[in-house]
Amino acid sequence: VCVRPSCNEFESTDASTTVDVVQRFQASDAVGIYLRVENLLDDADIVGRQPYGARPNKVRTGTLGFHVSL
């Protein structure tokens, strides 16, 4: 992606794909558990160059939680 009509390699970014997964498990009628992993493959990419230089994508992160219905 270029930010101007004519840009060089330091002003553009390459295409990238990020894999995120979410799994939910219903433990009972009132309790559920979930697991979310973002950037599962932990690929490092530059997602932007403006403003002030290269910006990396989000690193692999995970969330484990539960929800309760009262």
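Residue numbering for the sequence shown follows my numbering, starting at -1 and increasing by one per position. Glycine included, C-beta positions come from ideal geometry on N, C-alpha and C.
One or two residues paired with residue i in a DSSP bridge
i   : result
L62 : L33
R53 : G46
V19 : V35
Proximity to residue i [Cα-Cα], best of the options
i   : options       : result
V19 : V35, L39, F64 : V35
R58 : L39, I44, G51 : L39
V66 : Q48, D12, Y32 : Y32
Inter-residue spacing [alpha-carbon to alpha-carbon] between residue i and residue j
i   : j   : result
D22 : A28 : Note on residue identity: the sequence assigns Arg, not Asp, to residue 22. Each residue's alpha carbon lies about 13 Å from the other.
F64 : A42 : 30 Å
V17 : R53 : 19 Å
S26 : N55 : 37 Å
G46 : L68 : 44 Å
Residue i Cβ short of 8 Å to the ligand NAP heavy atom set
i   : result
L38 : This structure lacks the ligand NAP; in fact it carries no ligand of any kind.
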